[in-house]
Every structure is written in C-alpha cells, then in structure tokens.
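Novice: One structure, as structure tokens, below. Some questions next.
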Amino acid sequence: MIEGIKIKKLKIISDYRGRLMEIIRSDDEIFKKFGQVYMTTVSPGIVKGWHYHKKQSDT
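Quick note, the sequence shown lines up with residues 139 to 197 if you use this note's numbering.
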C-alpha cells in the first residue's frame, strides 16, 4: 500500500441494462465540494441517451 492513499468502496447499481458506478459524490469526505462523477456501462442491445432530472433527491 502506498502511504497516504485511501481506498473507497464504490456504490454499484446494476440491472439488465448495464451498471452505474458512483465514483465521487458532492458530500464525499475525500473530495469535498467536487460535485458528482459516475461511470456507466451498457449491455449489448441497449440504447442509452442523455437525460436530466428537474428535481432530484439523493437518498
């Protein structure tokens, strides 16, 4: 292990369409006030498009 390196367990949400991994959250202790970063994968045959949420609650 490298001194000063922190390991964070990623939250993974998975279903038949693929997976979404939450890399950084706005309330993360490691990256304060950074925003949010996600990584996604898509299963074969699934189409993915841009979208947004007018109102969102992270619970």
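Using N, Cα and C, we set each Cβ at its ideal position, and we do this for glycine too.
Tell me, to the nearest whole angstrom, how far the beta carbon of Ile162 is from that of Val175; I am working on the premise that it is less than 8 angstroms.
Specialist: Sure, about 4 angstroms apart at Cβ, within 8 angstroms.
Novice: Counting along the chain, where does the beta strand (DSSP E) carrying Glu160 start and finish?
Specialist: Where Glu160 is concerned, the enclosing beta strand (DSSP E) stretches over Gly156 to Ile162.
Novice: Quick check: Glu160 and Ile151, are their CB atoms within less than 9 angstroms of each other?
Specialist: For Glu160 and Ile151, yes; Cβs fall inside 9 angstroms.
Novice: Just verifying my parser: in three-state terms, what is the DSSP assignment at Thr176?
Specialist: Note on identity: in this sequence residue 176 is Tyr, with Thr being the wrong assignment. Here Tyr176 sits in strand by DSSP.
Novice: Can you give me the C-alpha to C-alpha distance between Thr178 and Leu158, rounded to a whole angstrom?
Specialist: If you take the alpha carbons of Thr178 and Leu158, they lie about 4 angstroms apart.
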